[in-house]
Every structure is written in C-alpha cells, then in structure tokens.
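In short: position in the sequence shown from 1, add 23, done, that's our numbering.
Notes follow the structure.
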Amino acid sequence: MIRNEEGLKKALVLIKDLRDEFWKDLNVTGTADDLNMELEKAGRVADYFELADLLVNDALNRKNHAGHIFREEYQTPDGEALRDDEHFCLCGSLEYAGEGKPHTLHKEELKFEYVEMKVRSYK
Numbered sequence: 024m025i026r027n028e029e030g031l032k033k034a035l036v037l038i039k040d041l042r043d044e045f046w047k048d049l050n051v052t053g054t055a056d057d058l059n060m061e062l063e064k065a066g067r068v069a070d071y072f073e074l075a076d077l078l079v080n081d082a083l084n085r086k087n088h089a090g091h092i093f094r095e096e097y098q099t100p101d102g103e104a105l106r107d108d109e110h111f112c113l114c115g116s117l118e119y120a121g122e123g124k125p126h127t128l129h130k131e132e133l134k135f136e137y138v139e140m141k142v143r144s145y146k
C-alpha cells in the first residue's frame with residue numbers, strides 16, 4: 024500500500040465531507056418506544072467516520088514506514104523503505120479528543136533484545 028501526504032490530506036477532506044453529508048441527510052425511522060435497529064446502524068456508521076479520521080491522521084503523522092505501508096516521501100535513493108527508529112520505534116495508541124480536536128498520542132517505547140532493526144530490502 025502506497026501513501027503520500029497529498030493523498031492523506033485529501034482523504035481527511037473527503038471524510039469530513041462524507042460525515043457532514045451523513046449527518047445532514049440522516050433519517051432514522053422507527054420510534055423511541057422500541058429497540059430501534061436503524062438508530063443503532065446509524066451510530067455504527069458515525070463510528071466508522073471517527074475511525075477513518077483516526078487512521079488517516081495516524082498515517083499522516085507517521086513519517087516513516089509501518090509494516091507493509093509505504094510512504095512515498097520517505098524512501099532511500101534506491102526506493103527502499105526509509106526507517107526512522109529514533110522517532111517511531113514505539114507502540115502507540117491515539118485517544119479521541121472530540122470532533123475537530125487533535126487526537127492525543129500515547130507512546131510506549133519498544134526495546135529489542137534479540138532482534139536487530141534494519142531496513143528491509145524488497146529487491
């Protein structure tokens with residue numbers, strides 16, 4: 024999977040536009056008197072917009088490669104994945120801070136005793 028900053032920023036705009044359209048055009052049928060499955064489905068779709076925003080923001084903030092995800096801007100002159108272990112050798116989780124607010128990144132440093140970190144070659 025290849026990503027770049029331009030495409031990720033475009034994705035954020037598209038997600039926002041889709042979310043706005045969803046809330047503008049949302050029509051939940053049923054009543055409040057019973058278990059309303061349509062309301063539950065609408066809530067799940069809303070959750071997916073938050074998840075999509077979270078994933079794209081994480082990818083945008085990651086200035087190196089994560090597993091199979093290749094950032095075009097961060098590669099060696101030979102086209103190999105460029106690592107930035109100084110800044111991205113971590114286990115991280117993003118905490119939702121509310122609509123329109125930046126997510127909070129929680130980091131835990133990774134330490135390797137038996138594995139040597141190095142650039143992978145796909146050639």
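In this text, a Cβ means the ideal position worked out from N, Cα and C, and glycines have one as well.
For Lys130, the uninterrupted beta strand (DSSP E) segment begins and ends at Thr127 to Glu132. Its chain contains Asn59, Met60, Glu61 and Leu62 as the residues whose beta carbon lies nearer than 8 Å to that of Gly53, once the 5 sequence neighbours on both sides are disregarded; these appear in chain order. CA-to-CA, the gap between Ala55 and Lys86 works out to about 47 Å. Within the DSSP secondary-structure output, Ala82 pairs in no beta bridge. Going by beta carbons, Thr127 and Leu113 fall outside the 8 Å limit.
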